[in-house]
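The structure appears right after this line, and notes come after that.
Here you go:
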């Protein structure tokens with residue numbers, strides 16, 4: 708029973724770390740990457756569709772992205788979605804591909820992105836701690852109900868703390884990497 712609680716907590720913490728990794732990937736750095744477009748939904752035949760499903764992405768230069776729609780009829784909607792997004796880009800359509808040139812980040816914008824990254828990192832740490840709290844409550848219930856001894860629960864809580872610390876450290880390391888990417892010119 709204790710092993711099940713610890714395993715479930717670790718799986719949930721792993722998911723929180725993966726969500727944080729995806730969130731950090733969506734924050735724009737000075738370089739182009741296709742992860743910036745993952746959250747964008749394009750209105751395609753009346754249904755919001757992820758842009759990744761409608762086009763392929765190529766990155767020929769550090770600040771240029773070439774988007775090739777699979778269906779040419781979706782080009783206008785992809786262009787509209789890109790212009791309305793918070794990426795701050797002005798895409799151009801040359802008939803075959805959509806060219807997105809990312810403007811250089813200003814110092815102010817970089818600091819804004821660092822602040823956004825720190826908020827996402829804190830959200831992830833809070834999620835990991837919430838999982839720890841729920842697992843600890845479940846362990847306390849086992850001890851209270853007499854289904855497990857105090858020593859077993861104490862060992863499990865120690866293990867839970869170690870797992871929590873390793874996940875929080877992973878999030879902190881990802882945040883530090885993202886900050887250095889954002890502040891590098």
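Residue numbers (the numbering used here): 708 to 892. Using N, Cα and C, we set each Cβ at its ideal position, and we do this for glycine too.
Straight-line gap, residue i to residue j (C-alpha atoms, nearest Å)
| i | j | result |
| --- | --- | --- |
| residue 761 | residue 856 | 56 Å |
| residue 743 | residue 783 | 19 Å |
| residue 814 | residue 883 | 18 Å |
| residue 712 | residue 803 | 53 Å |
| residue 766 | residue 807 | 10 Å |
| residue 725 | residue 834 | 12 Å |
| residue 786 | residue 805 | 8 Å |
| residue 877 | residue 780 | 43 Å |
| residue 794 | residue 861 | 48 Å |
CB of residue i within 8 Å of CB of residue j, strictly
| i | j | result |
| --- | --- | --- |
| residue 739 | residue 772 | yes |
| residue 838 | residue 720 | yes |
| residue 880 | residue 824 | no |
| residue 870 | residue 832 | no |
| residue 701 | residue 741 | Any question about residue 701 goes unanswered here, given that the chain covers just 708 to 892. |
| residue 868 | residue 846 | no |
| residue 759 | residue 745 | yes |
Residue i - containing beta strand (DSSP E), residue span
| i | result |
| --- | --- |
| residue 863 | Premise fails: residue 863 lies in the alpha helix (DSSP H), 857 to 890, not in any beta strand (DSSP E). |
| residue 806 | 805 to 808 |
Reduced DSSP secondary structure (H/G/I, E/B, other) of residue i
| i | result |
| --- | --- |
| residue 786 | helix |
| residue 816 | helix |
| residue 717 | helix |
| residue 748 | strand |
Residue span of the alpha helix (DSSP H) that contains residue i, given as start and end
| i | result |
| --- | --- |
| residue 766 | Looking at the DSSP string, residue 766 is not in any alpha helix (DSSP H); the run it does join, the beta strand (DSSP E), is 762 to 768. |
Do the stretch 830 to 850 and the stretch 789 to 805 meet, that is, are 3 or more Cβ pairs less than 8 Å apart?
-> Not touching, per the Cβ criterion.
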